[in-house]
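Residue numbers (UniProt numbering): 1 to 202.
Idealized CB from N, CA, C, for every residue including glycine.
Computed from a predicted structure; not experimentally measured.
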(Lines of atoms letter the chains of each structure in order from A and count residues from 1; the text may use other names and numbers.)
(Lines give C-alpha, C1' and ligand atoms only; values in the text may rest on other atoms or scores of the structure.)
Protein backbone atom coordinates (compact mmCIF):
# COMPACT_ATOMS: atom_id res chain seq x y z
CA UNK A 1 0.00 0.00 0.00
CA UNK A 2 1.32 3.45 -0.91
CA UNK A 3 1.08 6.45 1.38
CA UNK A 4 0.74 10.18 0.81
CA UNK A 5 2.77 12.23 3.28
CA UNK A 6 1.10 15.31 4.78
CA UNK A 7 3.56 16.74 7.29
CA UNK A 8 4.19 14.00 9.82
CA UNK A 9 1.03 12.09 8.89
CA UNK A 10 1.10 9.27 6.34
CA UNK A 11 -2.31 8.78 4.68
CA UNK A 12 -2.95 5.69 2.49
CA UNK A 13 -3.41 6.77 -1.12
CA UNK A 14 -6.46 4.53 -1.51
CA UNK A 15 -8.24 6.51 1.25
CA UNK A 16 -7.56 9.80 -0.50
CA UNK A 17 -8.54 8.42 -3.92
CA UNK A 18 -11.76 6.88 -2.58
CA UNK A 19 -12.80 10.13 -0.90
CA UNK A 20 -11.90 12.49 -3.75
CA UNK A 21 -13.49 10.19 -6.37
CA UNK A 22 -16.78 10.50 -4.48
CA UNK A 23 -16.98 14.20 -5.30
CA UNK A 24 -15.44 13.95 -8.78
CA UNK A 25 -18.00 11.31 -9.83
CA UNK A 26 -20.88 13.42 -8.48
CA UNK A 27 -19.54 16.43 -10.39
CA UNK A 28 -19.25 14.51 -13.66
CA UNK A 29 -22.73 13.08 -13.15
CA UNK A 30 -24.13 16.59 -12.82
CA UNK A 31 -22.26 17.71 -15.96
CA UNK A 32 -23.60 14.75 -17.95
CA UNK A 33 -27.19 14.68 -16.71
CA UNK A 34 -27.76 18.15 -15.26
CA UNK A 35 -28.81 16.51 -11.99
CA UNK A 36 -27.02 16.19 -8.69
CA UNK A 37 -26.35 12.76 -7.19
CA UNK A 38 -29.12 11.51 -4.92
CA UNK A 39 -28.79 11.25 -1.15
CA UNK A 40 -28.51 7.46 -1.46
CA UNK A 41 -25.08 7.97 -3.04
CA UNK A 42 -23.67 9.99 -0.14
CA UNK A 43 -25.45 7.86 2.46
CA UNK A 44 -24.08 4.67 0.93
CA UNK A 45 -20.50 5.91 1.06
CA UNK A 46 -20.95 7.11 4.65
CA UNK A 47 -22.39 3.76 5.77
CA UNK A 48 -19.61 1.86 4.02
CA UNK A 49 -16.87 3.98 5.61
CA UNK A 50 -18.32 3.77 9.12
CA UNK A 51 -18.86 0.01 8.92
CA UNK A 52 -15.42 -0.55 7.44
CA UNK A 53 -13.80 1.48 10.23
CA UNK A 54 -15.88 0.02 13.07
CA UNK A 55 -15.37 -3.54 11.83
CA UNK A 56 -11.84 -3.16 13.22
CA UNK A 57 -13.40 -3.47 16.68
CA UNK A 58 -15.20 -6.68 15.72
CA UNK A 59 -12.19 -8.37 14.12
CA UNK A 60 -9.57 -7.01 16.55
CA UNK A 61 -11.48 -6.74 19.81
CA UNK A 62 -8.58 -7.53 22.16
CA UNK A 63 -6.27 -5.04 20.48
CA UNK A 64 -9.00 -2.40 20.57
CA UNK A 65 -9.64 -3.01 24.28
CA UNK A 66 -5.93 -2.66 24.99
CA UNK A 67 -5.55 0.46 22.83
CA UNK A 68 -8.93 2.13 22.12
CA UNK A 69 -7.28 4.96 20.16
CA UNK A 70 -6.00 2.43 17.63
CA UNK A 71 -9.35 2.67 15.84
CA UNK A 72 -8.23 6.06 14.52
CA UNK A 73 -5.34 4.46 12.64
CA UNK A 74 -6.66 1.03 11.67
CA UNK A 75 -9.69 -0.51 9.97
CA UNK A 76 -11.21 -3.93 9.49
CA UNK A 77 -8.93 -4.77 6.56
CA UNK A 78 -10.15 -7.22 3.92
CA UNK A 79 -12.73 -8.79 6.25
CA UNK A 80 -14.06 -5.37 7.16
CA UNK A 81 -14.19 -4.36 3.50
CA UNK A 82 -16.26 -7.44 2.59
CA UNK A 83 -18.52 -6.92 5.63
CA UNK A 84 -19.11 -3.27 4.67
CA UNK A 85 -19.82 -4.25 1.05
CA UNK A 86 -22.44 -6.77 2.18
CA UNK A 87 -24.23 -4.17 4.30
CA UNK A 88 -23.92 -1.55 1.55
CA UNK A 89 -25.46 -4.00 -0.92
CA UNK A 90 -28.36 -4.71 1.43
CA UNK A 91 -28.87 -0.97 1.92
CA UNK A 92 -28.98 -0.30 -1.82
CA UNK A 93 -31.11 -3.29 -2.82
CA UNK A 94 -33.66 -3.16 -0.01
CA UNK A 95 -33.77 0.15 1.83
CA UNK A 96 -32.44 2.84 -0.52
CA UNK A 97 -34.35 1.49 -3.51
CA UNK A 98 -37.62 2.11 -1.66
CA UNK A 99 -36.77 5.64 -0.49
CA UNK A 100 -35.05 7.01 -3.60
CA UNK A 101 -37.00 6.49 -6.84
CA UNK A 102 -34.10 7.55 -9.09
CA UNK A 103 -31.63 5.12 -7.52
CA UNK A 104 -32.14 2.58 -10.32
CA UNK A 105 -31.30 5.06 -13.06
CA UNK A 106 -28.44 6.81 -11.25
CA UNK A 107 -26.58 3.85 -9.77
CA UNK A 108 -25.10 2.42 -12.99
CA UNK A 109 -23.72 5.74 -14.23
CA UNK A 110 -22.39 6.82 -10.84
CA UNK A 111 -20.79 3.41 -10.30
CA UNK A 112 -18.75 3.73 -13.50
CA UNK A 113 -17.89 7.38 -12.92
CA UNK A 114 -16.76 6.62 -9.39
CA UNK A 115 -14.49 3.69 -10.18
CA UNK A 116 -12.88 5.20 -13.26
CA UNK A 117 -12.31 8.49 -11.40
CA UNK A 118 -10.86 6.51 -8.50
CA UNK A 119 -8.36 4.84 -10.82
CA UNK A 120 -7.33 8.18 -12.33
CA UNK A 121 -6.77 9.72 -8.90
CA UNK A 122 -4.88 6.80 -7.42
CA UNK A 123 -2.74 6.63 -10.55
CA UNK A 124 -1.92 10.31 -10.10
CA UNK A 125 -1.03 9.87 -6.41
CA UNK A 126 1.16 6.85 -7.16
CA UNK A 127 2.66 8.49 -10.28
CA UNK A 128 1.55 5.75 -12.71
CA UNK A 129 1.44 8.05 -15.73
CA UNK A 130 0.63 5.44 -18.38
CA UNK A 131 -2.21 3.97 -16.33
CA UNK A 132 -3.57 7.49 -15.71
CA UNK A 133 -3.61 8.14 -19.45
CA UNK A 134 -5.54 4.94 -20.19
CA UNK A 135 -8.15 5.65 -17.54
CA UNK A 136 -8.48 9.27 -18.63
CA UNK A 137 -9.18 8.10 -22.18
CA UNK A 138 -11.75 5.61 -20.85
CA UNK A 139 -13.36 8.31 -18.72
CA UNK A 140 -13.44 10.78 -21.63
CA UNK A 141 -15.10 8.24 -23.93
CA UNK A 142 -17.73 7.42 -21.32
CA UNK A 143 -18.49 11.10 -20.66
CA UNK A 144 -18.78 11.74 -24.41
CA UNK A 145 -21.18 8.83 -24.90
CA UNK A 146 -23.30 9.84 -21.90
CA UNK A 147 -23.39 13.60 -22.44
CA UNK A 148 -26.99 14.81 -22.32
CA UNK A 149 -28.46 11.35 -21.67
CA UNK A 150 -31.34 11.54 -19.22
CA UNK A 151 -32.06 7.82 -19.03
CA UNK A 152 -29.94 5.15 -17.39
CA UNK A 153 -26.80 3.70 -19.01
CA UNK A 154 -27.57 0.75 -21.28
CA UNK A 155 -26.68 -2.69 -19.97
CA UNK A 156 -24.40 -3.42 -22.94
CA UNK A 157 -22.43 -0.20 -22.48
CA UNK A 158 -22.11 -0.83 -18.76
CA UNK A 159 -20.76 -4.36 -19.26
CA UNK A 160 -18.34 -3.11 -21.92
CA UNK A 161 -16.82 -0.52 -19.59
CA UNK A 162 -16.68 -2.97 -16.68
CA UNK A 163 -14.78 -5.46 -18.84
CA UNK A 164 -12.44 -2.73 -20.10
CA UNK A 165 -11.80 -1.62 -16.53
CA UNK A 166 -11.00 -5.19 -15.45
CA UNK A 167 -8.74 -5.62 -18.49
CA UNK A 168 -6.78 -2.49 -17.56
CA UNK A 169 -6.47 -3.62 -13.92
CA UNK A 170 -5.23 -7.06 -14.99
CA UNK A 171 -2.64 -5.40 -17.24
CA UNK A 172 -1.10 -3.53 -14.31
CA UNK A 173 -1.79 -6.00 -11.50
CA UNK A 174 -3.80 -9.10 -10.61
CA UNK A 175 -7.30 -9.77 -11.86
CA UNK A 176 -7.86 -11.59 -8.54
CA UNK A 177 -7.11 -8.48 -6.47
CA UNK A 178 -9.54 -7.11 -3.89
CA UNK A 179 -10.03 -4.13 -6.18
CA UNK A 180 -11.24 -6.37 -9.02
CA UNK A 181 -13.53 -8.30 -6.68
CA UNK A 182 -15.02 -5.00 -5.49
CA UNK A 183 -15.67 -3.79 -9.03
CA UNK A 184 -17.31 -7.08 -10.00
CA UNK A 185 -19.37 -7.17 -6.78
CA UNK A 186 -20.67 -3.62 -7.02
CA UNK A 187 -21.09 -4.04 -10.77
CA UNK A 188 -23.49 -6.91 -10.10
CA UNK A 189 -25.42 -4.75 -7.63
CA UNK A 190 -25.67 -2.00 -10.26
CA UNK A 191 -26.85 -4.53 -12.87
CA UNK A 192 -29.57 -5.79 -10.53
CA UNK A 193 -30.71 -2.22 -9.93
CA UNK A 194 -30.64 -1.57 -13.68
CA UNK A 195 -32.81 -4.63 -14.35
CA UNK A 196 -35.30 -3.39 -11.77
CA UNK A 197 -35.41 -0.03 -13.52
CA UNK A 198 -36.16 -1.73 -16.84
CA UNK A 199 -38.98 -3.77 -15.29
CA UNK A 200 -40.55 -0.68 -13.72
CA UNK A 201 -40.39 1.12 -17.05
CA UNK A 202 -42.45 -1.59 -18.77
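Output the distance between the C-alpha atoms of residue 206 and residue 37, rounded to the nearest integer angstrom.
It is not possible to answer for residue 206, since the shown part of the chain is limited to 1 through 202.
- Item | Closest by C-alpha distance to residue 57, when choosing among 69, 33 and 100 | 69
| said: For residue 54, which residues in the same chain have their Cβ closer than 6 angstroms to its Cβ, ignoring the five residues on either side in sequence? | reply: none
Exercise. Can you tell me which of 103, 179, 120 and 87 puts its alpha carbon nearest to the alpha carbon of residue 190?
Key: 103
Discussion item. Using C-beta distances below 8 angstroms, list every residue in its chain close to residue 161, excluding the 5 sequence neighbours before and after it, in chain order.
Written reply: 112, 116, 138 and 142
How big is the Cα-Cα spacing for residue 180 and residue 123? 16 angstroms
- Item | Endpoints, the alpha helix (DSSP H) within which residue 119 is located | 103-125
Which whole runs of the alpha helix (DSSP H) in the stretch 22-100 are 4 residues long or more, in chain order? 39-59, 61-66 and 77-90
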